[in-house]
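Asker:
Residue numbers (the numbering used here): 7 to 168.
What follows is the structure, encoded as C-alpha cells:
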C-alpha cells in the first residue's frame, strides 16, 4: 500500500512538472534552475532538462523498486504468520473434533461407562483418565479412541475401581 501512495505522489509531481513545462517553458526553466541550485535565470537547453528528468526518474524508480521489495518481504513474513495461525486453528479444531467423536463412541458402547472417563486431546494425542470397573473396559475405551480417524496415539491413565 505504501508503494501505491509513493507512486501516486510521484505521478502527481511529474504530472505537475510536465504541465508547467508545456504551459510555460520559461516557468519550467525557472523550476529546473531552482532545483539545480542555479540562481541565474539563464535558459537551459532541452537536452539538459531531459537529462535531469531521466536522472530523477531513475532515482525515483529505484526508490519505488526498493519500496516494492520491502513490501514483498513484509508480505511473505505476514503470510507465514497467517499460515502458522491457520495451522494452530485447524489443529485446535481437529483436537476438539477428535474429543467429540471419542466421547460419542464411548457413550454408544454399553460396555463402557463414559461418564467416568475424562478425555484430553492435544496435537491429536489422546489421554484417557478416570475410573473404570475392569481391565476389559480399559481396553475397550482405548480401542475406541484408537479407532477414531486422525488419532496419533492413546495413553490410558484409567484406573480400575475396587
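A virtual CB, placed ideally from N, CA and C, is assigned to each residue, including glycine.
1. How long is the line joining the alpha carbons of residue 149 and residue 114, rounded to whole angstroms?
2. Between the alpha carbons of residue 11 and residue 105, how many angstroms are there, rounded?
3. According to DSSP, what are the bridge partners of residue 124?
4. Alpha helix (DSSP H) containing residue 93: first to last residue?
5. Since residue 148 is in the alpha helix (DSSP H), which residue starts that stretch and which ends it?
6. What does the alpha-carbon distance come out to for the pair residue 131 and residue 8?
7. What is the DSSP secondary structure of residue 20, reduced to helix, strand or coil?
8. Express the C-alpha separation of residue 108 and residue 4 in angstroms, rounding to a whole number.
9. Let me know the secondary structure DSSP gives residue 158 once reduced to three states.
10. Classify residue 151: buried if its beta carbon has 16 or more other beta carbons within 10 angstroms, exposed otherwise.
Answerer: Taking the definition as stated:
1. Your numbering for residue 149 matches position 143 in the chain shown. Your numbering for residue 114 matches position 108 in the chain shown. Spanning the two alpha carbons is a distance of roughly 14 Å.
2. Residue 11 sits at position 5 when you count from the first residue of the chain shown. Residue 105 sits at position 99 when you count from the first residue of the chain shown. Approximately 50 Å, taken between the alpha carbons.
3. Sequence index remark: in the chain shown, residue 124 carries index 118 (1-based). BP columns for residue 124 point to 135.
4. For the purposes of this step, residue 93 is taken as the residue at position 87 of the chain shown. Judged by DSSP secondary structure, residue 93 falls within the alpha helix (DSSP H) whose first and last residues are 52–114.
5. Within the chain shown, the letter at position 142 stands for residue 148. 141–153 is the extent of the alpha helix (DSSP H) around residue 148.
6. Working through the chain shown from its first residue, we reach residue 131 at position 125. Working through the chain shown from its first residue, we reach residue 8 at position 2. Looking at the two C-alpha atoms, the distance is approximately 45 Å.
7. Working through the chain shown from its first residue, we reach residue 20 at position 14. Looking at residue 20 - three-state DSSP - the assignment turns out to be helix.
8. Not covered by the structure: residue 4. The range shown for the chain is 7 to 168.
9. Sequence index remark: in the chain shown, residue 158 carries index 152 (1-based). Note: residue 158 maps to coil in three-state DSSP.
10. For the purposes of this step, residue 151 is taken as residue 145 along the chain shown, with counting starting at 1. Label assigned to residue 151: buried.
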